[in-house]
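With positions in the first sequence counted from 1, the corresponding number in our numbering is that position plus 197. Yeah, the Cβ is synthetic: ideal placement off N, Cα and C, and Gly gets one too.
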Amino acid sequence: MPISSAPLPHAFFDRPAPLVAPELLGRVLSCTLPEGTVELRITEVEAYQGDDPASHSYRGRTARNAAMFGPPGHAYVYFTYGMHFCVNLVCGPGLAPSGVLLRAGEITAGLELARKRRATSRTDSDLAQGPARLTVALGIDRAQDGVDLHGPVLRLLPGSPPPTELVRSGPRTGVALGADTPWRFWTEGDPTVSPYRAHTPRRG
DNA sequence: TGTAGGATTACCT
DNA sequence: GGTAATCCTACAG
Numbered sequence: 198m199p200i201s202s203a204p205l206p207h208a209f210f211d212r213p214a215p216l217v218a219p220e221l222l223g224r225v226l227s228c229t230l231p232e233g234t235v236e237l238r239i240t241e242v243e244a245y246q247g248d249d250p251a252s253h254s255y256r257g258r259t260a261r262n263a264a265m266f267g268p269p270g271h272a273y274v275y276f277t278y279g280m281h282f283c284v285n286l287v288c289g290p291g292l293a294p295s296g297v298l299l300r301a302g303e304i305t306a307g308l309e310l311a312r313k314r315r316a317t318s319r320t321d322s323d324l325a326q327g328p329a330r331l332t333v334a335l336g337i338d339r340a341q342d343g344v345d346l347h348g349p350v351l352r353l354l355p356g357s358p359p360p361t362e363l364v365r366s367g368p369r370t371g372v373a374l375g376a377d378t379p380w381r382f383w384t385e386g387d388p389t390v391s392p393y394r395a396h397t398p399r400r401g
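Structural data, given as structure tokens:
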């Protein structure tokens, strides 16, 4: 097996999410399911941790967010808005609840399968442009909640991080609380980065 | 080009 | 009963 396919070590994730998040840009998440393998080069992420009111872990552990309270280096998959899945990479340190939401990326392998899953996409750059689109393209759902990132299904590979001058940070997208915390990180100029949208309250 | 509203489940108040 | 780490479609300009 080539060296480049060895996943990032456990210690990489065993730090607070805001420190891990910018280092995830350019890394490759591989997802292997019976239909095939899709690989994604990460271009946009957001960090969340326990003492942050916008984090799912802020009010303590529930059945839904249990994976965030588990060991680093695993996936936390949650269901939201009645129809969408989003995936986080669980960080630390230790069992401290923190994680990095994967918001967007570029499909680098399994393009045909990703196009099939994301049939409404008009272009390849929007196959994984947005956190819920990303999980559809990779085939991630509740079955991957709590799954190890060093296993046969999910693997986080070293990839090729962008030069530091292209790494940008700013407020997180669509969050109502803690909107002033610059824990969104993206690769400047990458066409797969999702457009920033401030939180918009819903009307009844 | 942009804005508005619907879909639909888990969780919290 | 209201809101949410969202996406898609429709329709106005």
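In terms of Cβ geometry, Val284 and Thr332 form a close pair [threshold 8 angstroms]. If you draw a straight line from the Cα of Arg258 to the Cα of Leu292, it comes to about 12 angstroms.
Bridge pairing for Ser366: Phe382 [DSSP]. Judged by DSSP secondary structure, Thr332 falls within the alpha helix (DSSP H) whose first and last residues are 328-335. With at least 16 other beta carbons inside 10 angstroms of its own, Gly270 counts as buried. Residue range 295-306 is occupied by the beta strand (DSSP E) that includes Glu303. No residue range can be given for His347, since it is assigned to no beta strand (DSSP E) and is classified by DSSP as neither H nor E. Looking at Gly356, Glu303, Leu351, the one whose alpha-carbon comes closest to that of Pro328 is Glu303. Counting along the chain, Glu243 sits inside the beta strand (DSSP E) bounded by residues 233-246. Sequence-distant Cβ neighbours of Pro349 in its own chain, meaning closer than 7 angstroms and more than five residues away, are Thr229. Per the C-alpha coordinates, the member of Gly267, Ile337, His347, Thr305 positioned closest to Ser357 is Thr305.
Under DSSP, Phe209 shares a beta bridge with no residue.
In the DSSP assignment, the residues bridged to Ala272 are Leu286. Our two residues, Phe276 and Glu385, have alpha carbons roughly 29 angstroms apart in a direct line. Residue pairing by DSSP puts Thr229 in a beta bridge opposite Thr234. For Ala218, the enclosing alpha helix (DSSP H) begins and ends at 214-221.
When only Cα atoms are considered, Arg314 and Ala263 end up about 28 angstroms apart. With a 10 Å radius around the Cβ and a threshold of 16 neighbouring Cβ atoms, Thr378 comes out buried.
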